[in-house]
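Worksheet for the structure shown next.
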Amino acid sequence: MVRTIRKAGVMEVPFSDYRLENDPRFLKRIERARNSLPAGRGVRLEDVESE
Numbered sequence: 000m001v002r003t004i005r006k007a008g009v010m011e012v013p014f015s016d017y018r019l020e021n022d023p024r025f026l027k028r029i030e031r032a033r034n035s036l037p038a039g040r041g042v043r044l045e046d047v048e049s050e
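Residues 0 to 50 (numbering that gives the first Met the number 0) are what the sequence shown spells out, left to right.
In structure tokens, the structure reads:
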């Protein structure tokens, strides 16, 4: 007996570094983060609580 195979409801899309690196929203966020570090608004990894 043959039955239809259903595809998963969520497609897995390969992550593209190229698209991320050229996304203007991502680039603005990185720029803000880089500017905040010298201004003293950064958080050290040692100060971040782990779950």
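Don't be surprised by glycine CBs; every beta carbon is placed ideally from N, CA and C.
- P23 sits in a helix when the DSSP states are folded into three classes.
- Assigned with DSSP and collapsed to three states, R40 falls in coil, not helix or strand.
- When DSSP states are grouped into helix, strand and coil, S35 belongs to the helix group.
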